[in-house]
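What follows is a set of notes on a single structure, which appears directly below.
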DNA sequence: GAAAATAATTTCAAGTATGAAATTTCATGC
DNA sequence: GCATGAAATTTCATACTTGAAATTATTTTC
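So, in structure tokens, the structure goes:
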């Protein structure tokens, strides 16, 4: 290490100024993320009469045409099991999702999009890409690449043990 | 503008590759943010037996010692009015928050931390700073500064009309 | 100064979200 | 073959979140 006062380590307590800067960037990140999320939520509601959690579930199911087990779904989305149960219930009621028992295992359920669900999601996904591009298109490709790399660093910082991030 | 195919505009439809890159960075940002949030949530739960929404409310009240009206609180936190009502109810029940009627206005309520609430929050805030620093301290001050600037760009991209972001 | 518009909150219905407990089923050891 | 533990889901209690409707109090307008 080549900086006697610039980086925090386990041994030396970080300078108050740097701690404050960490806090600042985190609050900024949170605010920017909430801004984008709120935009997407509102557009999903207005244009497609749906919600972000439903969109997220459908996105996961769209990728895995063969279907996903409930537990796979909840770990892919990083939400609790009980949560997924409720969202799937409503999607099934709306005819967007189908539940299929798994062949050799009476415990498990395979969940997949219906044809109607796939068609609906395709439309939403196309619109979603445009919304996101309206926001992130203002960054140059180079800046975007650097941003991704910084986010990667953050995502792989410690802080918590469990889960350990397998990609979705 | 000096790039015939590198930036999206209202006139020219963005290239699919750039749209995909926008989507990638957004998903990455969402994932990193959720990672940090989950870390904070879990630490608040384990170490202080509290939740992130409660922490956020207390943080706002900590800043405004004189207290805030319910509506000021909900707009500062950018959450709905009804939401704040419930969180404050629980904080009052726990003796962390006090409700005071406003002098000249029988509709409004001033909400402020009790002494106990201030003390509790001070401890949590100190711990919170360390947690955040454990994560964001891995970025150099320079990188952090650039990250803040990028996030600023994102936050001020259009996408939605309402609210228009006055700072909290 | 009564009626109408505004403002500050709460209430409400529905949906999300969590972690823990309960259920049912499967796999193994013995 | 059965007890035991692990796996897959659901159920449950609680809390958070939203947008809209309802309530109560203030301000404006005529």
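Protein chains in written order, with this note's numbering: chain A, 1 to 168; chain B, 169 to 336.
C-beta: ideal position from N, C-alpha, C; glycine also.
Just so it is clear, the structure is predicted and the values come from calculations on it, not from any experiment.
- Only residues of its own chain outside the window of five on either side were considered, and among them 227, 230 have a CB closer than 8 Å to the CB of residue 293 of chain B, listed in chain order.
- Between residue 153 of chain A and residue 307 of chain B a beta carbon distance of about 6 Å is seen, short of the 8 Å cut, so the two are scored as contacting.
- Collapsing the DSSP output to three states places residue 268 of chain B in a strand.
- For residue 279 of chain B, the three-state secondary structure derived from DSSP is strand.
- Contact annotation: residue 207 of chain B and residue 299 of chain B have beta-carbon atoms nearer than 9 Å.
- Among the residues facing chain A, residue 304 of chain B is included, as its CB has a counterpart in that chain under 9 Å away.
- Taking C-beta atoms as the reference points, residue 285 of chain B and residue 264 of chain B count as a pair closer than 9 Å.
- Residue state for residue 236 of chain B is assigned as strand, using DSSP reduced to three classes.
- If the five residues before and after residue 92 of chain A are omitted, its C-beta is found closer than 8 Å to the C-beta atoms of 98, 99, all from its own chain and listed in chain order.
- Taking every protein chain shown into account, the CB of residue 85 of chain A has fewer than 16 other CB atoms within 10 angstroms, so this residue is exposed.
- Rounded to the nearest whole angstrom, the CA to CA distance from residue 312 of chain B to residue 243 of chain B is 28 Å.
- A residue is called buried once 16 or more other Cβ atoms fall within 10 Å of its Cβ, and residue 283 of chain B, having fewer, is exposed.
- Residue 194 of chain B places its beta carbon 9 Å or farther from that of residue 46 of chain A.
- No Cβ of chain A is located within less than 9 Å of the beta carbon of residue 286 of chain B.
- In this structure, residue 73 of chain A lies away from residue 102 of chain A, with their beta-carbon atoms at least 9 Å apart.
- Residue 291 of chain B counts as exposed, since fewer than 16 other C-beta atoms from the protein chains shown sit within 10 angstroms of its C-beta.
- By the 16-neighbour rule on beta-carbons within 10 angstroms, residue 222 of chain B is buried.
- By DSSP's assignment, residue 105 of chain A forms a beta bridge with A:102.
- The distance from the Cβ of residue 319 of chain B to that of residue 28 of chain A is about 5 Å, consistent with a contact at the 8 Å cut-off.
- Close partners of residue 318 of chain B in chain A (Cβ separation under 7 Å): 139, 143, 147.
- With a threshold of 9 Å between beta carbons, residue 301 of chain B makes contact with chain A.
- Residue 187 of chain B reaches chain A at 129, 133, counting residues in chain order whose Cβ is nearer than 7 Å.
- The Cβ atoms of residue 317 of chain B and residue 137 of chain A do not sit closer than 9 Å to each other.
- The C-beta distance from residue 249 of chain B to residue 238 of chain B rounds to 7 Å, short enough to fall under 8 Å.
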